[in-house]
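K.L.:
Here the sequence shown stands for residues 24 to 175, numbered as in the working numbering.
Just so it is clear, CB atoms sit at the ideal spot from N, CA and C, and this is done for glycine as well.
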Amino acid sequence: MTEGTRANRSGFRLESWVKDYLQECGYNDVSAKAFREQNGDDEPCFAKQCVIGQSIYGTKRKVDFVLRHPKLWPGGLVIQCKWQASSGSVDEKYPYELACINHLSFPTIIVLDGGGYKPGAKEWLLGQVGSGNIRHVFDMGQFARFCSRGGI
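1. Name the residue from Ala108, Phe161 and His92 whose alpha carbon lies nearest to the alpha carbon of Phe35.
2. Residues bridged to Asn51 by DSSP?
3. In its own chain, which residues sit with a C-beta less than 8 angstroms from the C-beta of Lys85, not counting the 5 before and 5 after it?
4. Hey, Cys68 and Phe58: beta-carbon distance below 8 angstroms or not?
5. If you draw a straight line from the C-alpha of Thr28 to the C-alpha of Trp106, how long is it?
6. Determine the DSSP secondary structure at Trp40, reduced to helix, strand or coil.
7. Under three-state DSSP, which class holds Phe169?
8. Use the C-beta contact count for Arg91: other C-beta atoms within 10 angstroms, 16 or more gives buried, fewer gives exposed.
9. Residues bridged to Thr131 by DSSP?
10. Give the C-beta separation of Ile124 and Ile157 to the nearest angstrom, bearing in mind that I take them to be a contact with Cβ-Cβ under 8 angstroms.
11. Measuring alpha carbon to alpha carbon, tell me which residue in Leu149, Ser154, Gly153 and Ser112 is nearest Lys141.
12. Verify whether the separation of the beta carbon atoms of Ile132 and Leu148 is less than 8 angstroms.
13. Using the DSSP secondary-structure output, state which residues sit across from Phe88 in a beta bridge.
14. Measuring alpha carbon to alpha carbon, tell me which residue in Glu66, Tyr50 and Ala70 is nearest Lys56.
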């Protein structure tokens, strides 16, 4: 198995884990089309791999999760999953990710795990919290606690 295949599988596992937490918190998994057609008065829901606008390059901006909760997140919340178990290029994409987050109007949480990012990359990303639309950068344990305390 190649490193790329292994990384894709690990990223998929992180996304599946986040999906399970969202469902445990009472969110319904809906299609991207159904998500766009619902309004903020509906039940809590989320869509996976949903286009929410344009990137800074003018291309379609697809996110891992976009969710809506009538009380907590009526305007929506984006959750992006970033897994890096060994050295690679995902952490080099953090500035682009941040620029895209701030280009659109959705508050965003990044779930970052794996421990393989370059020294300083996680700290840089954590330093961006509170500026623009980035609300939190969590590892899996922190995200689980945030969910269990009613943040989602």
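P.N.:
According to the data block:
1. Among Ala108, Phe161 and His92, the Cα nearest to that of Phe35 is on Ala108.
2. Beta-bridge partners of Asn51 (DSSP): Cys68.
3. Gln72, Cys73, Val74 and Ile75
4. yes
5. Reliability fails at Thr28, whose pLDDT of 46 lies under 50, so the model's placement of it is uncertain and no value is given.
6. helix
7. helix
8. buried
9. Val101 and Ile157
10. 5 angstroms
11. Ser112
12. no
13. Partner(s): Lys71 and Ile102.
14. Scanning Glu66, Tyr50 and Ala70 for the CA closest to the CA of Lys56 turns up Ala70.
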